[in-house]
Amino acid sequence: MFIVKVIPEKCIGCAACTSVCDNFEMEDEKAKVKKEKLEQLTCEEDARNVCPNEAILIKREG
Ligand code: SF4
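Take the sequence shown: its letter number 15 is residue 14 in numbering that gives the first Met the number 0, and every next letter is one higher.
Following this line, the structure appears as structure tokens:
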């Protein structure tokens with residue numbers, strides 16, 4: 000199980016994550032994860048890699 004989060008204080012609202020991964024969307028000029036708990040990652044690591052401010056966290060649980 001993976002947990003994916005955006006740290007709102009770090010998000011600068013550039014929307015880069017949403018352009019590479021459809022599990023992210025913009026809301027009030029911040030990125031938001033649509034589904035935070037995932038059995039498998041698909042594009043979430045790509046989103047983390049393009050984020051210019053290290054605002055995306057991916058944790059492995061269990
Ligand atoms: S790429 Fe990072 S800074 Fe840009 S919107 Fe997504 S989470 Fe926020």
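The C-beta atom is built at its ideal place from N, Cα and C for all residues, glycine as well.
Less than 8 Å between the CB atoms is what I'm expecting for residue i and residue j, so what's the real figure, rounded?
i	j	result
residue 42	residue 15	Not really, about 12 Å apart at Cβ, beyond 8 Å.
residue 22	residue 34	6 Å
residue 36	residue 2	6 Å
Apply the 10 Å Cβ neighbour rule to residue i and answer buried if 16 or more other Cβ atoms are within range, or exposed otherwise.
i	result
residue 55	buried
Check residue i in the structure and name its three-state DSSP category.
i	result
residue 43	helix
residue 30	strand
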